[in-house]
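Protein chains in written order, with our numbering: chain A, 275 to 749; chain B, 6 to 507.
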Amino acid sequence: MQPSRFVQELIDIVGERNVLWDDYDLRLYEYDGSVDRALPQAVVLPESAEQVAEIVKLCNRASVPYTARGGGTGLSGGSIPVAGGVLITLVKMNRVLEVDLENLRAVVEPGLVNLQLSEAVAGNGLYYVPDPSSQKACTIGGNVGENSGGPHTLLYGVTTNHVLGVEVVMPDGELVEFGGKALDLPGYDLTGAFVGSEGTLGIATKITVRLVPLPEDVRTLLAVFNTVDDASATVSEVIGKGIIPAAIEMLDQMALQAVEASVHAGYPEDAAAVLLIEVDGLRDGLDEQAQAIRDIAEAHNARSLRIAKDAKERELLWSGRKGAFGAIGRISPEYYVVDGVVPRTKLPEVLEAIAEVGRQYDLRIANVFHAGDGNLHPLVLFDGAIPGELERTKEAGAEIMRICIRAGGVLSGEHGIGMEKAELMGELFSDHDMEVMLKLKAALDPEGLANPGKIFPTPGRCVEIPRRPLAGIGW
Amino acid sequence: MKLNRVVAWAALVIGAIALVADYVYDGLLRRSLRRLLAAVRGGEEAGGVQRGPDGQPVSGITEVPESGETPVAFPDAELIRSCVHCGLCLPFCPTYNVLGVEMDSPRGRIYQMKLVAEGKISPDNPHFYKHIYQCLDCRACETACPSGVQYGRLVEAARSIIPPRSNVEQAARRAILAGALNSDPILSVIGVGSRLYQRSGLQKLVRSTGILRPIPRLNRMESMLPHLEGSLILEPLPPVVRAQGERRARVAFLSGCIAAQFFPQTNRSTIAVLAANGCDVLTPPAQGCCGALQNHSGDRETAKNFARHNIDVFERTGADYYVSNAAGCGSMLKEYGELLADDPLYAERAEAFSEKARDITELLAELGLRPPTHEVSARATYQDACHLRHGQKIKNPPRELLAAIPGLELVEMARSEWCCGSAGIYNVTQPELSESILDMKMENVIATGADTILAANPGCLIQLQHGLRDRGVHMRAAHPVDLLAEAYGADGHLDSNGGDGG
């Protein structure tokens with residue numbers, strides 16, 4: 275089989291070894307970390323920003339949609355090529371280009387794995403704050419696309435608070451720069467608009483991020499509760515008292531059992547909920563903060579409290595939390611992660627409502643989440659081999675999202691809207707709100723080729739998702 | 006009588022050489038035979054067109070049937086379902102790091118197995134073959150996986166259902182893996198032959214003239230040959246060596262197959278160190294190959310036969326522990342229970358066998374090391390053998406033992422838990438990928454500034470020595486027990502009553 279003319283043009287840009295177009299290989303790019311599937315018609319692995327720009331220009335000439343992909347760990351289907359076309363996989367652009375120690379900045383390529391940036395600067399006593407649970411495998415480019423968070427963003431903010439500038443290949447194929455190393459550039463904050471745009475406004479090819487000094491010291495507490503209400507009340511009171519820990523994570527009973535089967539982090543399996551709380555910063559005052567949190571937890575009937583003795587124990591406690599999603603694989607063949615945000619004070623009633631959804635749809639639901647900022651992650655357990663169960667699961671997920679919206683929350687804390695929650699955007703935003711966003715999209719991507727089918731419900735009112743027959747270009 | 010034996014031996018050796026030659030020449034024998042047959046029959050096969058099972062020529066590109074194909078019975082198919090495709094394994098996979106594509110990632114390989122199990126890809130699809138065999142089976146993904154996916158078992162299952170590309174290839178593979186490795190006489194011939202080859206100056210001649218270069222695979226195997234020490238014909242290991250001082254345990258030692266020929270001093274070090282730590286060491290002469298290489302290449306039946314034999318032999322020793330100094334072998338011993346779980350006669354015994362299996366470093370740490378007395382002045386770095394770190398989850402014991410050696414400075418290299426590219430016979434079957442992976446490893450090794458590189462597995466040592474030689478780096482490569490033996494003042498002489506006699 276000869277490559278089509280279009281594939282040949284891709285090969286001319288990036289070389290033969292960086293284009294996949296055989297049916298067999300394409301099957302391996304129909305998935306990511308989410309539950310959605312769609313086949314691309316070609317996969318390219320560019321090695322430079324210029325190559326990305328050439329690919330996008332080629333797609334424009336041929337009216338072929340394109341989707342950017344990093345580590346393929348996303349949970350909302352952001353990198354699923356739902357309209358087919360070209361999948362631009364950025365894993366070969368994975369260098370740290372510059373570390374500016376004086377100004378605490380780093381410039382990186384989008385395919386760099388999140389944790390590898392922190393490892394690269396650890397010797398200088400620095401780290402990159404946003405730490406999604408997939409940080410060992412997800413890429414900074416993907417984090418920018420989804421505006422990712424992580425346990426430690428409660429105190430320090432999510433990705434958008436740590437990205438100062440981006441070099442972007444715009445939907446017309448031109449290379450532009452938003453922001454930069456300086457903190458306050460005049461003009462529109464296009465960096466802000468770009469972070470979280472899920473590849474619909476262009477593709478980041480270079481990212482300038484903030485580095486932060488590693489905290490001088492840290493205290494990690496594990497508080498165990500017999501009721502979810504007591505755990506939730508503890509969260510509200512800690513923050514209400516003005517103590518902002520670096521992280522407050524909650525795991526409910528089902529999650530605890532899965533985690534213990536996986537990493538043996540020493541979580542009690544019979545508890546209703548545990549809180550993993552971390553305070554960090556200057557050594558002075560840390561013990562007082564930890565003590566204050568202890569007192570609050572005890573006042574809310576914590577049945578036991580444990581403070582990690584050393585770095586090893588701390589790592590163990592965190593390994594349980596960080597591996598929690600994957601650990602669910604031990605108790606269920608598949609799971610569907612829901613990502614929503616509710617006000618902290620509403621946690622008890624929202625968690626109860628979610629449990630009710632589980633009963634109603636006859637599905638098990640585990641909860642592992644960033645309690646400190648009310649960022650919920652109900653994990654709906656299902657078995658895709660049972661006919662109709664995936665559909666039922668997705669409906670249950672949508673119902674949970676509606677509960678979040680009714681409680682005054684939002685649709686996504688960090689995973690993005692992607693494919694999974696596009697249809698729900700209309701329930702969160704007014705028509706006018708949506709119109710402004712769609713106008714921005716239409717202004718920057720008039721052809722609608724940049725990652726179509728994401729964020730906004732289909733069919734969009736201003737943007738028609740191109741589902742053009744591709745026969746014309748000889749696939 | 007004597008003449009008969011000589012003739013039989015000659016026939017065996019010539020046969021083995023023919024099979025090896027066929028293997029390294031990429032099917033020379035097969036092609037010649039096929040041509041000969043075709044000429045006799047006047048047939049059409051002389052053109053050499055590869056044909057699939059349906060008689061249709063096989064092209065480079067395979068159509069993926071959408072449905073209709075009967076799903077293949079994939080062993081352990083339920084294990085596939087424990088993968089939730091989260092992708093956390095990707096950065097820990099050496100082949101993904103080199104190639105950067107999903108097809109050569111653990112997640113992607115499992116997805117391919119899933120497609121095979123569902124009947125959407127045929128197991129004889131050449132792409133499937135390629136990606137499944139490009140896997141090192143290093144199992145670093147198992148360490149990274151939060152879902153507890155048993156990847157090693159899966160990839161071995163996948164290999165077991167891929168049909169061999171030809172009967173001759175299968176025969177050659179079996180002759181080497183199932184025959185040669187389990188035959189003491191053949192192993193001795195290989196050992197003596199290799200020593201003669203090195204000591205006669207033939208190796209120098211071959212290397213300086215580059216005469217093997219036109220035959221890449223043979224050249225490759227030649228270049229991997231480590232520097233061989235010891236006498237031309239190795240003295241057998243003493244069947245019994247008594248503990249020094251108070252006896253703490255009776256152990257039976259699995260001395261290995263090809264490694265025993267290539268690294269005889271490491272086996273002697275192992276026995277000396279065990280004796281110095283209060284162990285009676287029994288080395289049953291009737292023991293055979295552990296079956297790991299066979300199992301990794303999908304030949305589970307041969308592995309089972311080897312396991313049954315070793316269980317019979319080791320049970321008779323009545324030892325408290327069964328010790329190995331090769332990570333790959335030790336890992337296999339610990340899997341006997343699982344391997345023979347369906348064998349009514351052996352299931353229970355295999356389980357008991359695996360419970361007694363220990364890596365040498367693990368056992369020493371468990372017993373508590375007697376403090377070594379002699380100084381070993383070295384700046385050493387330690388490479389985690391995959392089947393120790395990922396297969397047996399042993400990370401700290403070897404480091405603790407090394408830290409106890411007076412005068413030894415241990416420097417950690419970056420990514421010590423990454424495979425070196427040796428991976429059983431991978432460095433011969435996948436030379437290019439193996440070299441790329443070795444490149445990454447050598448960079449990290451050299452950056453430590455160490456003068457000694459340690460690894461607790463003979464395969465890794467062969468690969469690391471080859472990497473050092475190729476780069477002209479002078480660094481000693483040794484097994485941790487070799488250094489420990491020096492730290493106990495053992496001189497390599499073993500007698501039956503009291504360790505090394507010193």
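All residues carry an ideal CB built from backbone N, CA and C; glycine is no exception.
The straight-line gap separating the alpha-carbon atoms of residue 386 of chain B and residue 586 of chain A is approximately 22 angstroms.
Contact of residue 303 of chain A with chain B by beta-carbon distance below 8 angstroms involves 107.
Beta-bridge pairing by DSSP links residue 639 of chain A to A:654. Residues of chain B whose Cβ lies closer than 9 angstroms to the Cβ of residue 366 of chain A are, in chain order, 105. Ranking A:428, A:497, A:660 and A:717 by CA distance to the CA of residue 618 of chain A puts A:428 first. Of the candidates B:189, B:303, B:295 and B:102, the residue whose Cα lies closest to the Cα of residue 339 of chain B is B:295.
In its chain, beyond the 5 residues on either side, 341, 473 and 474 have a beta carbon closer than 6 angstroms to the beta carbon of residue 725 of chain A. Contact holds between the stretch 255-273 of chain B and the stretch 186-199 of chain B, because three or more Cβ pairs, one in each stretch, are under 8 angstroms apart. Looking at A:407, A:571 and A:552, the one whose alpha-carbon comes closest to that of residue 491 of chain A is A:552. Straight-line measurement puts the Cα of residue 440 of chain B at about 55 angstroms from the Cα of residue 577 of chain A.
By the criterion of a C-beta distance shorter than 8 angstroms, residue 449 of chain A is surrounded in its chain by 323, 324, 327, 441, 442, 443 and 479, once the five residues flanking it on both sides are discounted. Within the stretch 78-96 of chain B, contact with chain A at the beta-carbon level (separation under 8 angstroms) is assigned to 86, 87, 88, 89, 90, 91, 92, 93, 94, 95 and 96. The beta carbon of residue 449 of chain B sits closer than 6 angstroms to those of 418, 419 and 420, all from its chain and outside the five residues before and after it, given in chain order. Note that the C-beta distance between residue 259 of chain B and residue 381 of chain B is not below 7 angstroms. Identification of residues in the stretch 596-627 of chain A having a C-beta nearer than 9 angstroms to some C-beta of chain B yields 596, 597, 598, 599, 600, 601, 602, 603, 604, 606, 607, 608 and 609, given in sequence order. Residue 546 of chain A carries a coil assignment under DSSP once its states are collapsed to helix, strand and coil.
Between the stretch 464-482 of chain B and the stretch 361-371 of chain B, the count of Cβ pairs shorter than 8 angstroms is below three; the stretches do not touch.
In this structure, A:667 is the residue among A:713, A:667, A:392 and A:679 with its C-alpha nearest to the C-alpha of residue 308 of chain A. Chain A places no beta carbon closer than 7 angstroms to that of residue 168 of chain B, leaving this residue out of the contacts. Between residue 482 of chain A and residue 381 of chain A, the gap from beta carbon to beta carbon is short of 7 angstroms. One alpha carbon belongs to residue 462 of chain A, the other to residue 115 of chain B, and they sit about 46 angstroms apart.
Residue 329 of chain B has B:259 and B:364 as its beta-bridge partners, per DSSP. In the three-state reduction of the DSSP assignment, residue 527 of chain A falls in the helix class. For residue 359 of chain A, the closest Cβ of chain B is not nearer than 7 angstroms.
About 7 angstroms separates the beta carbon of residue 364 of chain A from that of residue 343 of chain A, a gap short enough to meet the 8 angstroms contact definition. Excluding sequence positions up to five before and after residue 598 of chain A, its CB lies within less than 6 angstroms of the CB of 529, 533 and 642, all in the same chain and listed in chain order.
The three-state reading of DSSP puts residue 388 of chain B in strand, counting E and B together. If you draw a straight line from the Cα of residue 485 of chain A to the Cα of residue 409 of chain A, it is about 16 angstroms long.
DSSP lists A:650 as the bridge partner or partners of residue 614 of chain A. Comparing C-alpha distances from residue 472 of chain B to each of B:156, B:436 and B:315 shows the shortest one belongs to B:436. Relative to residue 483 of chain B, the option among B:331, B:303 and B:96 whose CA is nearest is B:331. Contacts with chain A at 7 angstroms (Cβ-Cβ) do not include residue 395 of chain B.
In the three-state DSSP reduction, residue 578 of chain A falls in the strand class (E or B). When Cβ-Cβ separations below 7 angstroms define contact, residue 536 of chain A makes contact with chain B. In this chain, residue 694 of chain A is not harboured by any alpha helix (DSSP H), its DSSP state being neither H nor E. In the structure shown, residue 551 of chain A falls within a strand segment according to DSSP collapsed to helix, strand and coil.
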